[in-house]
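First up is the structure itself, then whatever we jot down about it.
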Ligand SMILES: [Zn+2]
Ligand SMILES: [Zn+2]
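Residue numbers (the numbering used here): 92 to 272.
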């Protein structure tokens, strides 16, 4: 899941940064992120191409990961997918049809009831899991200590206790180890 979050950082469509990793027999076999066709222009450069409130330029991370397997002839039957967001309907169907048996996702995202039903019907196990951001940010703890120090310093300038508490809570939220909030 940490790998999928790293991949998401490479997304070229600004509407949603998604990353997906396919694992088979405990080995990573493919990864994908939201982006344009190979060699195409990028949403981050040209803006999204929106039709009916969807960006039609983007190939979704899940599809990119599956298509990478298709391109290089890697079987996806019985594989697992780790994805940063709950998949949209077309991706849900592709995941099922690719023979992926287990789906781990981090964030709920417009979870479509029909997608939930299809996963159930196809007997794909779906599970929401957290990602520990400390795994992908080696300086996370250092940053937290630094920010807490700043808030302490700020307190000595005589800011309201209520405001200090708010800042402290916000810092805690930002440095928390999961992304489900
Ligand atoms: Zn876009
Ligand atoms: Zn999708």
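In this text, a Cβ means the ideal position worked out from N, Cα and C, and glycines have one as well.
Around the beta carbon of residue 237, fewer than 16 other beta carbons sit within 10 angstroms, so the residue counts as exposed.
Per the coordinates, the alpha-carbon of residue 153 lies some 8 Å from the alpha-carbon of residue 186. The continuous beta strand (DSSP E) containing residue 114 extends over residues 110-115.
Looking only at 171, 205 and 223, the smallest Cα-Cα distance to residue 121 is reached by 171. Note on geometry: alpha-carbon atoms of residue 145 and residue 232 lie some 38 Å from one another. In the DSSP assignment, the residues bridged to residue 171 are 114 and 193. The criterion of a C-beta distance shorter than 7 Å is not satisfied by residue 199 and residue 163. By a beta-carbon distance limit of 8 Å, residue 114 does not contact residue 99. Their separation comes to about 16 Å.
Taking 6 Å as the cut-off, the C-beta of residue 104 does not count as close to any heavy atom of ligand 2. By the neighbour-count criterion, in which a residue is buried when 16 or more other Cβ atoms sit within 10 angstroms of its Cβ, residue 102 is buried. Beta-carbon to beta-carbon, residue 150 and residue 167 are separated by about 16 Å, too far to satisfy the 8 Å threshold. For the set 260, 206 and 197, the Cα lying nearest the Cα of residue 173 is the one of 197. Here residue 217 carries a strand assignment [DSSP, helix/strand/coil].
In the three-state reduction of the DSSP assignment, residue 124 falls in the strand class, which pools E and B. Residue 146 has 141 as its beta-bridge partners, per DSSP. The shortest CA-to-CA distance from residue 140 to any of 193, 104 and 155 is the one to 104.
Burial check for residue 128: the Cβ neighbour count within 10 Å stays below 16, so the residue is exposed. Taken from the Cβ of residue 178, at least one heavy atom of ligand 2 lies inside 6 Å. Taking non-hydrogen atoms of ligand 2 into account, the C-beta of residue 151 is found less than 6 Å away from one of them.
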